[in-house]
Amino acid sequence: MGVAREAFEPASTLELLDRLIAFPTVSCDPNRELIEFVRGFLVERGIASELYLAERGRKANLFATLGPTDRPGIMLSGHTDVVPVEGQAWSKDPFRMTLDGEKAFGRGAADMKGFLACSLRLAHEAARRELSIPIHLAFSHDEEVGCLGVRSMIDGLALRRVRPRFAIVGEPTSMRIATGHKGKIAARATCCGVEAHSALAPRSLNAIHLACEFVAAVRDQQNAIEQGATRDGAYDVPYTTLHVGRINGGTGLNIVPNRCTVDFEIRNIADDDASAILGRLADAAARLVAERRRIFPQADLRIDALNAYPGLATPADAEVVRFMSDLVACEDLTKVAFGTEGGLFAERLCMPTVVCGPGSMDQGHRADEFIALQQIDACDRMMDRLLQACL
Ligand SMILES: [Zn+2]
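Per this note's numbering, the sequence shown runs over residues 846 to 1236.
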C-alpha cells in the first residue's frame, strides 16, 4: 500500500484537494490509497486514526479524533467515494485538479472532496493547538451507492462509551445549513408469468403486462400522495415521491415473456412512512397476482427492498443548528433533495446532525464538476471558527 509521506508545509486546502482528487475513488473501486494518504497525513501531525475495513482491505472508513478522547466532540463527516465519469463529456482530466478562473475542476471537487480537504487543513491547524472540545473526522466509503460503507463505522461508534455530540455532514450546500433530507427505499418487483409462442399470447401470462399494471399501481400511489395533505414546503418537491427507474423483461418479440423486473424507489418526507407505502404497493401486487393465479398458478409478483436509508429531520431549534449558525454566521436554513449519511447518524446514534458544506450539488455528478474557490474559502473560515469554538 503506497503511503504518501511527503510533509505538507503549509497544508493549504487547495494542495490537499489536488491530492484527494488524484485518487480515482469511484465507488466500485478501492479507496484504500486515499485513506492511507489521510492516515499518513494525520500521523505526521500526531493524530491517530482508526480504520473500519471492507472488501478484504480494499476499502476503509477512517475515524480520527483531534484533541481529547474522553469527551464528546464535533464530528465532521464526509464520503471519500465519487460517482463514475464514463459516458460524460469531460473537457479536462477528471482525476487531476485543474484551476481555471475562480474554480477548481475535478471529479469530487464539489461532492465532496472539497469538504475533506478543508477538514484536513483544520486537522493541520488543530494539531498545533490545545483543544478542550474534540473534533472528530469520519471519512467513509461507498456513500454514492446508498450510504452503504458508513454503516460499519456507525456500528463501531455505537459501541463507544463516548460518542460525538454533533455531526456536520459536509455535502455541498453552498455553506447553507440543511436540517433535513428525504429518506429512501429502493426496491425491485419481480413479475413472473408463463411463457408461450406469441401467436398464442392470450393463453399465457405476459410478465411485462403484469409489470405494467404494477407500474400503474406505483403511479396511483404517487397521485394519492400528491393530492393528499402531507407536505414539507422546505423541499423543491414538497411531498413524498415514487419513481420507476428501470424495467427489464422479455427476450424476443415472438415469445410471451415469463419474467420482468421493475426497479423503483420511494423518497419520503419525515411525515410519511416509506415502509407503509411499500406495504400498500405489496397489497396491490398481491391483488394483481390473486386474480391471475386462478388460471396461472405460476403467477407471482415479489417485492424485495434493495436498499434503504432514513431521512433527516433535525428540528430548527436544535442545539446543533444554533451551534452551526454561529459558525457560518447565517441563520438561513434549508433542506436538501439528495440523501446523506446524516439520516443514519440521527437514527442509529441519536446524533443531532446538520448538512453543511462547500460547493453546490448543481455541479455534482456531472462532467467538468467544479467547486468555486470562494466556497472553499467560506468553508475554511467556518473551520477556523469551529477551531476557535473548540479551544
Ligand atoms: Zn455526496
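In this text, a Cβ means the ideal position worked out from N, Cα and C, and glycines have one as well.
Burial is judged here by how many other beta carbons sit within 10 angstroms of a residue's own beta carbon; Asp987 has at least 16 and is buried.
Each of Val1007, Ile1221, Cys1057, Arg1091 was checked against the Cα of Phe1109, and the nearest Cα belongs to Arg1091. The three-state reading of DSSP puts Glu1110 in strand, counting E and B together. In the structure shown, the three-state DSSP call for Met1206 is coil. By the beta-carbon neighbour count (other beta carbons within 10 angstroms, threshold 16), Val1014 is buried. For the options Thr1086, Thr1096, Thr858, the alpha carbon positioned closest to that of Lys1027 is the one of Thr1086. When only Cα atoms are considered, Arg1064 and Ala1052 end up about 18 Å apart. For the pair Gly912 and Glu970, the CB atoms are not nearer than the 9 Å cut-off. Counting other Cβ atoms within 10 Å of its Cβ, Leu1157 reaches 16 or more and is therefore classed as buried.
Within the segment 950-977, the complete alpha helix (DSSP H) segments of 4 residues or longer fall at 959-971, listed in chain order. Here Leu1098 is exposed, its C-beta having fewer than 16 other C-beta atoms within 10 Å.
Here DSSP, grouped into helix, strand and coil, assigns Thr858 to helix. Distances taken from the Cβ of Pro1017 to the heavy atoms of ligand 1 include one shorter than 8 Å. Each of Leu1218, Lys1180, Val1165 was checked against the Cα of Thr1198, and the nearest Cα belongs to Val1165. Ala1223 is not a Cβ neighbour of Met920, given a cutoff of 9 Å. Within the same chain, and ignoring the five residues on either side of Arg1010 in sequence, the residues whose Cβ sits closer than 6 Å to its Cβ are Pro917. Comparing alpha-carbon positions, the option among Ala856, Ile892, Ala905 lying closest to Arg877 turns out to be Ala905. Remark: C-beta atoms of Leu865 and Leu961 approach each other more closely than 9 Å. Distance from Ala972 to Arg890 at the Cβ level is roughly 4 Å; contact confirmed, criterion being Cβ atoms closer than 8 Å.
Relative to Gly1204, the option among Met1169, Glu860, Gln1220 whose CA is nearest is Gln1220. Checking the DSSP bridge columns, you'll see Gly1028 partnered with Asn1113. Secondary structure note for Gly923: its beta strand (DSSP E) is the uninterrupted segment 919-924. In this structure, Val1039 and Asn1103 form a Cβ contact; the two beta carbons are roughly 6 Å apart against a cut-off of 8 Å.
Note that the segment 1125-1143 touches the segment 1036-1050; at least 3 beta-carbon pairs, one per stretch, sit closer than 8 Å. Non-local C-beta neighbours of Gln933 in its own chain, meaning closer than 6 Å and more than five positions away in sequence, comprise Ala1212, ordered along the chain. At a threshold of 8 Å, Phe1183 counts as near ligand 1, since its beta carbon sits closer than that to one of the ligand's heavy atoms. Pairing Gly946 with Leu859, the inter-Cα distance amounts to about 14 Å. Note on geometry: alpha-carbon atoms of Arg1132 and Thr1185 lie some 35 Å from one another. In this model, Leu1002 and Lys948 are separated by some 36 Å (Cα to Cα). Per DSSP, the unbroken alpha helix (DSSP H) holding Ile1070 starts and ends at 1052-1072. In the DSSP assignment, Phe868 forms no beta bridge with any residue. With contacts defined by Cβ atoms closer than 9 Å, Leu1231 and Ile980 form a contacting pair.
In this structure, Ile1148 is the residue among Ile1148, Asp1117, Gly1188 with its C-alpha nearest to the C-alpha of Ala1127. Cβ-Cβ separation between Asp863 and Met942: approximately 4 Å, consistent with a contact (criterion under 8 Å).
Boundaries for Ser936: no alpha helix (DSSP H) harbours it, and the DSSP string shows neither H nor E there.
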